[in-house]
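Structure, as structure tokens:
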Amino acid sequence: MPKETFFNLNEEKQEKIMRTAISEFLNQGFEKGNIGDIAKNAGVSKGSMYQYFENKKELFLFSVQWSMEFLMKRYNKYMNIKDKDINIFDLFYQNSKEMWLKLRDEREIVIFIEDVFLGKYSSLTDESMAYMMKVSDEYLLKLIQDGKSNGYIRKDIDDKILSLFITGVSLKIKEYLMNKARTAGEDIIDEDFEVYEREIKAMIELIKNGMGA
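Position 94 of the sequence shown, counting from 1, maps to 94 under UniProt numbering, and the rest follow consecutively.
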């Protein structure tokens with residue numbers, strides 16, 4: 001966690017530092033990421049950065065935490081769906097659409113956090129990733145069990161096998177959207193989700209054919 005001096009800054013300054021750090025790590029990686037460059041681009045001195053963070057690793061790990069909390073707070077309205085209303089296939093679609101909205105608004109933050117999820121910085125984030133994956137797996141298993149009870153998921157396939165399958169497909173869909181975002185660059189803000197909606201729905205239809213009842 002950052003030192004108290006960081007939290008004494010106003011929120012606008014905190015956000016400026018974090019966005020600058022995320023941009024640096026995204027474009028340069030952790031090893032080549034430079035605290036001096038982050039400080040310069042954020043409009044603070046290099047010495048001040050060490051008053052806010054113990055070292056580069058602490059800054060990086062807080063960048064991951066800050067990114068996740070920022071996205072959850074900003075896009076919570078898209079996630080506010082009660083479990084009983086969720087069909088797992090609809091969830092695939094909603095998650096894809098939500099991700100596209102995030103990509104349009106917050107391209108660098110989303111690509112950074114997805115790089116973390118996809119293992120780009122695994123040597124730094126293993127512990128936090130293990131916890132996040134555990135929470136995700138528990139939620140997914142519940143959706144699978146509900147789907148079987150409600151009759152829209154096959155009962156002859158083991159829950160954990162289904163969970164692995166769904167997780168793998170989800171990662172591929174995210175990778176697909178990430179690659180689109182990287183290729184489009186800043187032009188992504190001019191594209192609507194509908195441009196890729198047909199392809200996403202086709203992927204979901206393939207999932208239904210494999211595990212749907």
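Built from N, CA and C at the ideal position, the CB exists for glycine as well.
Unbroken alpha helix (DSSP H) run spanning residue i, endpoints
{"i": "LEU9", "result": "Per DSSP, LEU9 belongs to no alpha helix (DSSP H) and is neither H nor E."}
{"i": "GLU106", "result": "Here GLU106 belongs to no alpha helix (DSSP H), and DSSP marks it neither H nor E."}
C-beta atoms of residue i and residue j nearer than 8 Å
{"i": "LYS3", "j": "ALA42", "result": "no"}
{"i": "LEU164", "j": "LEU91", "result": "no"}
{"i": "LEU71", "j": "ILE22", "result": "no"}
{"i": "LEU140", "j": "ILE173", "result": "no"}
{"i": "LEU61", "j": "LEU118", "result": "no"}
{"i": "ASP159", "j": "GLN145", "result": "yes"}
{"i": "THR20", "j": "TYR52", "result": "no"}
{"i": "ILE204", "j": "PHE89", "result": "yes"}
{"i": "VAL116", "j": "VAL64", "result": "yes"}
{"i": "GLU114", "j": "MET178", "result": "yes"}
{"i": "PHE25", "j": "PHE112", "result": "yes"}
Distance cut-off 7 Å: residue i Cβ against heavy atoms of the ligand GDP
{"i": "GLY47", "result": "The ligand GDP is not part of this structure, which contains no ligands at all."}
### Those runs of the alpha helix (DSSP H) which lie wholly inside the stretch 17-86 and span at least 4 residues
35-42, 46-52, 56-74 and 76-79
### Query
Curious, which full-length alpha helix (DSSP H) runs of at least 4 residues does the stretch 154-208 contain?
159-184
### Task
Could you tell me whether the stretch 32-40 touches the stretch 54-65, where touching means 3 or more Cβ pairs closer than 8 Å?
The stretch 32-40 is in contact with the stretch 54-65.
### Message
Would the stretch 96-112 count as touching the stretch 192-199 if we require 3 or more Cβ pairs under 8 Å?
### Response
yes
### Query
Hey, which unbroken runs of the alpha helix (DSSP H) at 4 residues or more fall wholly within the stretch 116-150?
122-150
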